[in-house]
């Protein structure tokens, strides 16, 4: 008894109850190790095993929670695969749709991975690991055969090609570990099932992307490299590589006789040095052919180009695949091109060889301001902030090298720009527009942003300086874009937002003022808008459609061609015709396609423009008269998704001549999709 | 299902808790779940012994439930929720032929009676009074602060208001000024008013069989209404001898032979222990689940064991581990309240999700974007579970969660 008294007396003096609120944890937050997670998973699994059938749901939650974290770690998918029989037998899937694997749908699986709650996504991933075990004969399941499981998984992989081979998307990043987990599981399954099953759909996918000639082809190269590794592996001989596979792989790893067997660049360097005159010409022609037919540049091409650069202008021209026009430009600006190759083309920037070829071929060097501007950009030192931004974007060369190569690509492939996974379609569209129509202006912006980390524009006579502005539409650094976009988009985005801010309170859509001030003098002074801003309803559709036709359709606009790219606004819809959002594009030209359909050819800053907008409106990127990078739609279908364009009244042709049934058809398409409730 | 001991009778679980039912299913006692009609379909689909009963209504059929259970061979009724405590007392009074059990249950259900009884038993409590209307509250607030020799203009010491018959933090308010009294809805009266005690608050879970404590856990609150962990840190566990003394007093005062109690205490800066309140049912905040994490025994099975008068001393001795020393770490949980007025989605903070102590959460995506203003202590949106080896890390971690947004 006295012990107790003493103890409490001591305690009363020694310890102060109610400990003070601890300071926030300092330093980097600790992170659970793989082994800790594995042990935790084991505890959770035991609890699921022990629970009564009716109580599984309550204890499966923590299992999925920990499982999700494990799957996001390297090796996690393999670790859970080893225990998949136990996970299944424990009753993890009890009472869920996954309890009946025969009823699962690959496309729904894909949707669950993309959009589901993490817990459901984890169930889906565990289910797929289970099906892999079934497919490989390591687990017997009453409800699904090994073949059924194999088939299911192959389809899921085909649906998830982007995840399997692409970089982490913005959506992935927003979902934290989820993207990592899905990618790990898919990769693990693909290795288990075999890439054979996904090759066909994969190749079609790559061909479709390359047909648009994007500047950024890193993902495509990764995909082709994986395919190449796969088909070269003697263990995978179940299917002979198709023609498509061979063409893509050889364009990257063996485009010429001198490097057909992919000998490595060092070996090739020695071989080139020993080539005779006819050998050099043959190599040059084959490089050019492979590059122009795919839009991809082989690492060997870079070796060859440096070998002949400065010595043999004729071979440089041949290796770039120049026509007489391009050769003419090369002969006028030979020293500039030589310097550009010396300073901008490196093993990390070799894709700019394609941009260089197109830039020279385009004749843009004949613009009196372009060549001097490029000379000025060679060796231009980047501000530290710019250097940092490019490093964060993952480049391995100094900023001036990356930016020079990027500039060459943009000037050569104005329609190859993409917004990446950033909400900055306006900025991407603007860069593309200037690369096409005002290259000297674009070069000026690049110089200012590189050297001064600042861009100035005028808005109705008042200067706006990007360096003085806060964030714009994009709150995170732009990702997955070319160096010029990394450089310019943050500035343009902020200026665009500031111009919008200065229009607050004005009646009408701010684009009416912003687009003209932002893009250039050629943007129409007046703005046609089919949506009433106050109510969101459609307004005066007929007038809108007639004006558009009378401005752009050659039959009603006195056959006046589109002179400059014109910014316009599109209501983007999904494949079911449901409204997704407003999007910036530019109208490039209007003309008849090979089947005599009048089409609008336009630039969509989206990375992949081949999109199904629903109700038969499918944006085409090839085979309908498109130039590389162009998207197109029949003019009526295009008009049905258009909600904003600019014009000058003096250019509008004969509005009354536009047939009423054509106008009605456009309105019906709009009202049937994005404007359904408007 | 575990093999059932035919030499033992049935136990009745009052209320629907899947974890408790699962524990009974896996234990050697035969059982029946008494719960509202809405649970029937699930119970029958899963072969759970089930008796439908509406606990909302006390009427002339109330004797029926007791006799029905008695005819089924039930020895004891175990309350799982505050709302079934009085029912269990009434039923057990019939089952065991001891009418005092009902009166005892009423003491647990009425906070004012409970405090009085404790005071009679020589247990130290704060100043308290019943309030029947707002005038009572204002008067009590003034009297308490007058007692503390406060002058006009000095900030008041707060008082605590608690609904008579609500569990845990439900209906618990803290009031400092007469203005705040106006915000109390009529429906919350009558209630209990208590003076504020500055100190370290903690809870105890005690399993009692034959009038003796068989297992005593101290749950350390990091912040009342937010977070708790078990076993308590060594600093708090140092108070265990004093806590045991206080629990013995409670057992004697409330005449508890069998069952389980969940009292709350304050330790003030001068080392005095004050009794807060006591419940005769499993605690909220999933302390039972936390105990299973660290000790491995199923706390619900412990409940069945202790309530059942036919349980032998040997069974009890074999069932419970040794407090503190047998724990393989610390388990805690944090109750999440949205910090922003408008939320659109659940966003687990990365530092929480990645922490080695983090186990799992039971948060769901918000159904409504507007967050209801918390006027009383309110109900959290879900718990986040942690386990780990170090009590200080656990305490800091749980406290730190209060600074994080789980909903944005």
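Residue numbers (this note's numbering), protein chains in the order written: chain C, 53 to 730; chain E, 205 to 612.
Note that the Cβ used here is the ideal one computed from N, Cα and C, for glycine as well.
Using the DSSP secondary-structure output, state which residues sit across from residue i in a beta bridge.
i: residue 767 of chain C; result: Beyond the ends of chain C as shown, which are 53 and 730, falls residue 767 of chain C; an answer cannot be given.
i: residue 484 of chain C; result: In the DSSP output, where bridge partners are listed per residue, residue 484 of chain C has none listed.
i: residue 643 of chain E; result: Residue 643 of chain E lies beyond the range of chain E shown here (205 to 612); nothing can be said about it.
i: residue 255 of chain E; result: E:238
i: residue 200 of chain C; result: BP columns for residue 200 of chain C are empty, so no partner.
i: residue 399 of chain E; result: E:363
i: residue 514 of chain C; result: C:511
i: residue 404 of chain E; result: E:471
i: residue 431 of chain E; result: E:427, E:538
i: residue 684 of chain C; result: C:653, C:672
Would a C-beta distance cut-off of 8 Å place residue i and residue j closer than the cut-off?
i: residue 268 of chain C; j: residue 671 of chain C; result: no
i: residue 725 of chain C; j: residue 621 of chain C; result: no
i: residue 734 of chain C; j: residue 187 of chain C; result: Because chain C here runs from 53 to 730, residue 734 of chain C falls outside it and cannot be looked at.
i: residue 271 of chain E; j: residue 413 of chain E; result: no
i: residue 558 of chain C; j: residue 524 of chain C; result: no
i: residue 407 of chain E; j: residue 468 of chain E; result: yes
i: residue 255 of chain E; j: residue 238 of chain E; result: yes
i: residue 339 of chain C; j: residue 381 of chain C; result: no
i: residue 216 of chain C; j: residue 198 of chain C; result: no
i: residue 310 of chain C; j: residue 327 of chain C; result: yes
i: residue 704 of chain C; j: residue 564 of chain C; result: no
i: residue 453 of chain E; j: residue 325 of chain E; result: yes
i: residue 422 of chain E; j: residue 441 of chain E; result: yes
i: residue 487 of chain E; j: residue 409 of chain E; result: yes
i: residue 589 of chain C; j: residue 723 of chain C; result: no
i: residue 794 of chain C; j: residue 374 of chain C; result: Summary: the structure shown does not reach residue 794 of chain C, with chain C confined to residues 53 through 730, and so no result is reported for it.
I'd like the list of long-range same chain contacts for residue i, defined as Cβ closer than 6 Å, with 5 residues on each side in sequence excluded.
i: residue 225 of chain C; result: The pLDDT assigned to residue 225 of chain C is 47, lower than 50, so where the model puts this residue is not dependable, and the model offers no usable value.
i: residue 252 of chain C; result: none
i: residue 407 of chain C; result: 460, 461, 464, 465
i: residue 695 of chain C; result: 582, 583, 621, 623
i: residue 319 of chain E; result: 329, 332
i: residue 209 of chain E; result: 232
i: residue 172 of chain C; result: 164
i: residue 382 of chain E; result: 342
Using 8 Å for Cβ pairs, my map puts residue i next to residue j. What's the rounded Cβ distance?
i: residue 399 of chain E; j: residue 331 of chain E; result: 4 Å
i: residue 618 of chain C; j: residue 560 of chain C; result: Rounded, the Cβ-Cβ distance is 18 Å, inconsistent with contact.
i: residue 542 of chain E; j: residue 478 of chain E; result: Contact flag wrong, Cβ pair sits at about 33 Å.
i: residue 642 of chain C; j: residue 605 of chain C; result: 7 Å
i: residue 665 of chain C; j: residue 625 of chain C; result: 5 Å
i: residue 256 of chain C; j: residue 208 of chain C; result: About 17 Å separates the two Cβ atoms, so there is no contact after all.
i: residue 275 of chain C; j: residue 254 of chain C; result: 6 Å
i: residue 264 of chain C; j: residue 661 of chain C; result: 6 Å
i: residue 393 of chain C; j: residue 353 of chain C; result: Actually they do not touch by this definition, with Cβ atoms about 12 Å apart.
Spatial neighbours of residue i within its chain, please: C-beta separation below 8 Å, excluding the five flanking residues on both sides.
i: residue 346 of chain C; result: 262, 299, 300, 303
i: residue 196 of chain C; result: 153, 154, 183, 186, 204
i: residue 539 of chain C; result: 438, 441, 442, 455, 458, 498, 501, 502
i: residue 597 of chain E; result: 561
i: residue 435 of chain C; result: 502, 503, 504, 505
Suppose the cutoff is 7 Å on Cβ atoms and the five residues either side in sequence are ignored; what does the same chain contact list for residue i look like?
i: residue 349 of chain C; result: 343, 402, 403, 405, 406
i: residue 490 of chain E; result: 537, 587
i: residue 214 of chain E; result: 234, 235, 236, 276, 277, 278, 279
i: residue 530 of chain C; result: 472, 474, 476, 537, 538, 541, 542
i: residue 601 of chain E; result: 559, 561, 590
Touching or not, the region 212-232 of chain E and the region 102-112 of chain C, by the rule of three or more beta carbon pairs under 8 Å? A contact exists between the region 212-232 of chain E and the region 102-112 of chain C.
Is it a yes or a no for the region 106-126 of chain C touching the region 562-570 of chain E, going by three-plus beta-carbon pairs under 8 Å? Yes: the two stretches touch, three or more of their Cβ pairs being nearer than 8 Å.
Does the region 490-508 of chain C come within contact of the region 576-587 of chain C, defined as at least 3 CB pairs closer than 8 Å? No contact exists between the region 490-508 of chain C and the region 576-587 of chain C.
With three or more beta-carbon pairs closer than 8 Å as the criterion, would you say the region 445-454 of chain E touches the region 526-536 of chain E? The region 445-454 of chain E vs the region 526-536 of chain E: no contact.
Count the C-beta pairs between the region 240-257 of chain E and the region 124-142 of chain C that are closer than 8 Å, then say yes if the count reaches three, no if not. Too few Cβ pairs lie closer than 8 Å, so no.
Do the region 649-656 of chain C and the region 673-690 of chain C touch if we need at least three Cβ pairs shorter than 8 Å? Flag = yes, the region 649-656 of chain C and the region 673-690 of chain C touch.
Could you tell me whether the region 479-492 of chain C touches the region 445-452 of chain C, where touching means 3 or more Cβ pairs closer than 8 Å? Segment contact: the region 479-492 of chain C against the region 445-452 of chain C, fewer than three CB-CB distances shorter than 8 Å; contact not assigned.
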